[in-house]
Each structure stands twice: as C-alpha cells, then as structure tokens.
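Protein chains in written order, with the working numbering: chain V, 36 to 148; chain G, 5 to 120.
Positions of the beta carbon are idealized from the N, C-alpha and C atoms, including for glycine.
Below you'll find the structure, written out as structure tokens, and then a few comments.
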C-alpha cells in the first residue's frame with residue numbers, strides 16, 4: 036500500500052508568479068485535501084476534492100485553485116503569488132466516510148521571494 | 005467558528021517521564037479527533053484516531069482520550085524518549101452539511117523536547 040506522495044519537495048518562486056503542486060493519494064482513498072501550514076502554526080484547510088470536483092473550501096481566495104484526476108491524484112495551483120504564500124503545503128487523502136482518518140504527505144515547502 | 009487549542013505550546017521533560025498533552029475544542033460537533041506528530045520541516049504522521057463513538061485509543065506507549073461533552077482530548081505518552089521530540093498536533097474532523105464533506109481543524113501544536 037503506497038502512501039501520499041507530493042512533489043516537488045521544495046520550491047522557490049518570485050512574487051507574482053504562478054505555481055503548481057502535485058499530490059498522489061493513498062491507494063484506496065478517493066478524497067484529496069490541501070492544507071497550508073505557515074511557520075509555527077497549525078495547518079489551515081484550503082479545499083478538498085472528491086470525484087474530480089471541489090467539495091469544500093476554507094477561507095482562501097480564488098487564486099488558490101485545484102484539480103483532481105480520475106486516478107484521484109490532485110494539483111494545487113496558486114496564481115499571483117504573494118510573500119505570505121510562503122508555507123508548507125500539505126496534501127492529505129481519505130476515504131469517503133473519513134472513518135479511518137486522514138493520511139498526509141511529506142509536504143511541499145514553498146518560498147516566495 | 006470552530007477552534008482547537010493545545011496546551012502547553014511547548015514542553016521540555018527529562019527522558020523517562022510520563023507526560024500529558026492537552027487539546028480542547030469549541031465545537032461539540034467534532035465527529036472524530038486525530039493526533040499527529042510532525043518533525044521539523046516534515047509532513048504529518050498519524051498517531052491515533054479516536055472516532056466519535058469511542059472514548060480512547062492506545063498504540064504502544066501512546067494513549068489518547070476523547071471527551072466530546074467537555075470538548076477535550078488528551079494524549080498521554082508513557083516513559084518518554086529523546087526520539088519522541090517533535091511537535092504534536094491534534095485535529096478535529098468537522099462534518100459539513102449540505103453536500104460537502106468535512107475537514108480537519110488543527111490546533112497550533114505542542115512542541116515536545118525530551119532531554120537525555
């Protein structure tokens with residue numbers, strides 16, 4: 036059974052640029068969620084995808100968008116990067132009922148300069 | 005607004021001590037609660053999941069309890085070791101109604117340091 040994998044592990048971007056982060060869900064999981072973790076803070080919910088559609092969203096602006104593919108993998112896209120977008124971005128997968136909890140990936144560290 | 009609070013924010017103990025980490029939440033609608041470990045700059049490793057119908061879960065030296073009526077969860081670590089040094093996060097799963105699935109609400113974590 037494979038876990039959640041994220042790529043890339045680290046990324047440096049310039050303010051105003053766009054970035055795409057990728058996530059492969061754990062085998063058997065059909066829901067993917069994305070979280071943003073600023074330094075010294077707990078992760079904050081961005082959005083989640085189920086059956087290739089956004090299925091819940093936190094308090095993040097529209098320049099944060101995503102996709103889910105038929106194999107349940109997912110992308111997080113951020114447009115017009117701001118310095119405050121610098122954070123660890125975590126992807127998590129879960130089953131429909133969340134009965135067995137969430138499995139997280141190792142994260143992508145994004146630095147915006 | 006659902007909030008999860010973890011106390012203390014940081015804790016330093018000598019090796020071998022038993023310790024308790026606390027987590028409180030404002031919304032009794034939390035469906036289940038999950039404890040995670042996070043090493044510096046790394047992702048989250050799930051430690052224990054307590055489902056809504058359960059009161060506690062145990063795994064090795066770890067024991068977590070959940071009291072939804074009082075809005076509290078505790079993580080008990082027995083015989084702490086230097087390898088336990090990490091940040092421990094608790095997260096409540098909040099169900100959403102009206103068609104969308106729920107999501108996790110995290111505390112800020114407790115940074116644990118176990119001294120040899």
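Inclusion of residue 113/G and residue 34/G in the CB contact set at 8 Å is not warranted, their separation being larger than that value. For residue 130/V, the closest alpha carbon among the candidates 44/V, 86/V, 46/V is that of 86/V. At a C-beta separation below 8 Å, residue 46/G has these neighbours in chain V: 141, 142. A distance below 6 Å between beta-carbons, with the five flanking residues on each side excluded, links residue 115/G to the following residues of its chain, in chain order: 14, 91. With 16 or more other CB atoms across the displayed protein chains lying within 10 angstroms of its CB, residue 127/V is buried. Counting every other CB atom within 10 Å of its CB across the protein chains shown gives residue 119/V a total below 16, marking it as exposed. Annotation for residue 61/V: 36, 37, 38, 39, 128, 138 place their beta carbon closer than 8 Å to its own, counting only its chain and skipping 5 residues before and after. The contact set of residue 111/G on chain V, defined by CB atoms closer than 9 Å, consists of 77 in chain order. In the structure shown, residue 91/V falls within a strand segment according to DSSP collapsed to helix, strand and coil.
Three or more beta-carbon pairs separated by less than 8 Å link the region 24-44 of chain G to the region 52-72 of chain G, which places the two stretches in contact. Looking only at 41/G, 72/G, 29/G, 76/G, the smallest Cα-Cα distance to residue 66/G is reached by 41/G. With respect to the C-alpha of residue 84/V, the residue from 47/V, 93/V, 72/V having the closest C-alpha is 93/V.
Residues of the same chain with a CB within less than 8 Å of the CB of residue 23/G, apart from the 5 flanking positions on each side, are 15, 17, 80, 81, 84, 116 in chain order.
Minimum Cα-Cα distance from residue 66/V among the listed residues 75/V, 73/V, 51/V, 82/V corresponds to 82/V.
Taking C-beta atoms as the reference points, residue 99/V and residue 113/V count as a pair closer than 8 Å.
In the three-state reduction of the DSSP assignment, residue 116/V falls in the coil class. The beta carbon of residue 37/V sits no closer than 8 Å to any beta carbon of chain G. Separation of residue 80/V and residue 69/V (C-alpha to C-alpha, rounded to the nearest whole angstrom) is 6 Å.
Within the DSSP bridge table, the entry for residue 37/G names 54/G, 96/G as partners. Annotation for residue 104/V: no beta strand (DSSP E) segment contains it, and DSSP assigns it neither H nor E. Among the residues of the region 64-88 of chain V, those with a Cβ less than 7 Å away from any Cβ of chain G are 66, 68, 76, 77, 78, 80, 83, 85, in the order of the chain.
Shown here for residue 97/V: not one same chain residue has a beta carbon closer than 8 Å to its own, the five before and five after excluded. Excluding five sequence positions before and after residue 76/G, the CB atoms of its chain that fall closer than 6 Å to its own CB belong to 28, given in chain order. When 7 Å is used as the limit between beta carbons, residue 26/G is near no residue of chain V, the shortest such separation being about 15 Å.
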